[in-house]
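Scroll down for the structure; my scribbles are underneath it.
Protein chains: 2
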Amino acid sequence: MNVRSFCHYEKIMSEANFHRGEHTRTKIIRAAHDLFVKQGYHGTSMRQIASQADIALGGLYNHFEGKEDVFRAVFLEYHPYHEVVPALLAAKGETVEQFVRNGVNRIYEALDDRPDFLNLMFIEIVEFNSVHTNELARELTPVQLKIVERVREINLDKLRPIPPLMLVRTFLGLFFAYKLTEIIFAQPALPEFSENDLDYFINIYLHGILKGNDKLQMDVG
Amino acid sequence: MNVRSFCHYEKIMSEANFHRGEHTRTKIIRAAHDLFVKQGYHGTSMRQIASQADIALGGLYNHFEGKEDVFRAVFLEYHPYHEVVPALLAAKGETVEQFVRNGVNRIYEALDDRPDFLNLMFIEIVEFNSVHTNELARELTPVQLKIVERVREINLDKLRPIPPLMLVRTFLGLFFAYKLTEIIFAQPALPEFSENDLDYFINIYLHGILKGNDKLQMDVG
DNA sequence: CCTACCGATCGGTAGG
DNA sequence: CCTACCGATCGGTAGG
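Those protein sequence lines, which keep their order, are chains A and B.
Everything in the first sequence is counted per the working numbering, starting at 1 for the first residue and increasing by one.
Everything in the second sequence is counted per the working numbering, starting at 1001 for the first residue and increasing by one.
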């Protein structure tokens, strides 16, 4: 939880008030998140957020400096890295293939509750020219290093020569490729893509990073 | 050019006026596109669009029913499929690898002038819940079939068993993976990613779809 | 009668 | 944390 530096007028605050304030702030962020991913940034008004969070419009400004500040908090609080980084660090397996499949499963399950996590990133890119994304990238540099270290611990004998960071980047790219092409190709009227579509992406990726003629353990293709 | 069905009241129109009207419509779409990709949908006002197109606000409504109608026209006119589909159909090569590399180059060059083509798709997804994307997907079904036919003409001996449509989908996913992870990982303050980053994605993809132990002709990894 | 626009203004809402 | 407002601007439309 952040320091409540947004409360300029409160010099002294009781424990009870502090927790009440934190709770309100959390309510606002959740309400704002739901509205932003559904309606976009400019499409969502401060009045809607206030109403959804069960406070008056003016009350928002006790917790946030303005609309962009609300979005920034939502973005930092709901960014998928909260799920993705622990999943990457916790992934286990004896071979690279097992590691990748385990990592995919962990991430897939962690993001399953939030099918619209991409919307948050898209809003940030189009409405704020990725300024918060860049801010986050700077802050997460040590985390990147930690992940790279973790990758180096794996037995990479069977891996083609690919820099660890590029390995992580292409791995995450897998999900973007899958999700975005699903949106592009999908036609709600027609029968859905089969459920093992993601498997094609995974297997192509695994064949792509592994050496030569080893057959994958759980190949579907 | 589309039929000007938006002018319900026009029963007869002279050639000169028709072309003047078409030109104005084109100017509006270009102006709106530039503003939308820079500022988002709700972030762009009809007044800004009119101003940028050098006409009065009221004049917009002689060409479009409203703001959403303007965006729809921009989306259909500037969607990357205009560049991507011809590039895919025109790709040449004697091996799958040559085909893929040629296709990548054609698409890369065609989209080079429009680094923000993703923004248009992102706005559509977050602001309109992909309704225009779905509309487009339905209209482009025959085009999909044409591309799949084209893929079948290629010598696919060296290819792992992957359905042609999945081949096309993962191929396009390549660009999304590259572009989006570039945004996520990039830090303007730090030295840029090297210029051959895309090559890693391409080579992983090629290794991923091709059989066994064949060495790629132009491998960098 | 038409097309292509204008200046002015409508009812509501924006962030603060 | 609320009520009561502000300057400005929103998308869209009026008559001419």
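For every residue, glycine included, the Cβ atom is placed at its ideal position computed from N, Cα and C.
Being a predicted model, the structure only gives us computed values, none of them experimental.
Residue i versus the options, residue with shortest Cα-Cα distance
i, options, result
"B/His1042", "B/Gln1187, B/Glu1068 and B/Glu1083", "B/Glu1068"
"A/Phe117", "B/Arg1101, B/Leu1174, B/Lys1179 and B/Ile1125", "B/Ile1125"
"A/Leu165", "A/Glu153, A/Leu145, A/Lys38 and A/Thr95", "A/Leu145"
"B/His1082", "B/Gly1066, B/Lys1038, B/Arg1114 and B/Ala1031", "B/Arg1114"
"B/Val1096", "B/Arg1030, B/Gly1040, B/Gly1173 and B/Arg1150", "B/Arg1150"
"B/Asp1034", "B/Gln1052, B/Asp1157, B/Arg1047 and B/Thr1024", "B/Gln1052"
"A/Glu77", "A/Glu127, A/Val143 and A/Leu120", "A/Leu120"
"B/Lys1038", "A/Phe36, A/Glu127 and A/Gly93", "A/Glu127"
"B/Val1104", "B/Phe1171, B/Leu1140 and B/His1132", "B/Phe1171"
"B/Val1131", "B/Gly1173, B/Phe1075, B/Gly1066 and B/Gln1098", "B/Phe1075"
"A/Arg152", "A/Gly40, A/Thr141, A/Asn62 and A/Phe99", "A/Phe99"
"B/Leu1156", "B/Asn1062, B/Arg1025, B/Gly1093 and B/Thr1026", "B/Gly1093"
"A/Lys211", "A/Tyr178, A/Ile162 and A/Tyr200", "A/Ile162"
"B/Ile1154", "B/Val1143, B/Pro1142 and B/Leu1167", "B/Leu1167"
"B/Asn1196", "B/Tyr1108, B/Leu1140, B/Val1143 and B/Thr1044", "B/Tyr1108"
"B/Asp1199", "B/Asn1062, B/Thr1141, B/Arg1169 and B/Asn1102", "B/Asn1102"
"B/His1062", "B/Ser1045, B/Glu1022 and B/Thr1044", "Just to set this straight, residue 1062 of chain B is Asn in the shown sequence, not His. For B/Asn1062, the nearest C-alpha among the options comes from B/Glu1022."
Cβ pair residue i, residue j closer than 8 Å
i, j, result
"B/Ile1147", "B/Leu1089", "yes"
"A/Arg160", "A/Ile202", "no"
"B/Tyr1205", "A/Ile183", "no"
"A/Leu180", "B/Phe1176", "yes"
"A/Ala110", "A/Ala87", "yes"
"A/Ala187", "B/Asn1129", "Here residue 187 of chain A turns out to be Gln, not Ala, going by the sequence shown. No, these two residues do not count as a Cβ contact at 8 Å."
"A/Ala73", "A/Ile49", "no"
"B/Leu1263", "B/His1207", "What is shown of chain B runs 1001 to 1221, which leaves residue 1263 of chain B out entirely."
"A/Ile123", "A/Phe185", "no"
"A/Val85", "A/Ile28", "no"
"B/Tyr1178", "A/Gly173", "yes"
"B/Ile1055", "B/Thr1026", "no"
Residue range of the alpha helix (DSSP H) that includes residue i
i, result
"B/Pro1142", "Thr1141 to Glu1153"
"B/Gly1173", "Pro1164 to Phe1185"
"B/His1082", "Tyr1081 to Ala1090"
"B/His1071", "Note that residue 1071 of chain B is Phe in the sequence shown here, rather than His. Lys1067 to Tyr1078 is the span of the alpha helix (DSSP H), which, as asked, contains B/Phe1071."
Backbone secondary structure at residue i - three-state DSSP
i, result
"B/Leu1156", "coil"
"B/Leu1057", "helix"
"B/Leu1210", "strand"
"A/Asn196", "coil"
"A/Thr44", "coil"
"A/Arg114", "coil"
"B/Leu1095", "Just to set this straight, residue 1095 of chain B is Thr in the shown sequence, not Leu. Reduced to three states, the DSSP call for B/Thr1095 is coil."
"B/Asn1203", "helix"
"A/Glu127", "helix"
"A/His63", "coil"
"A/Asn119", "helix"
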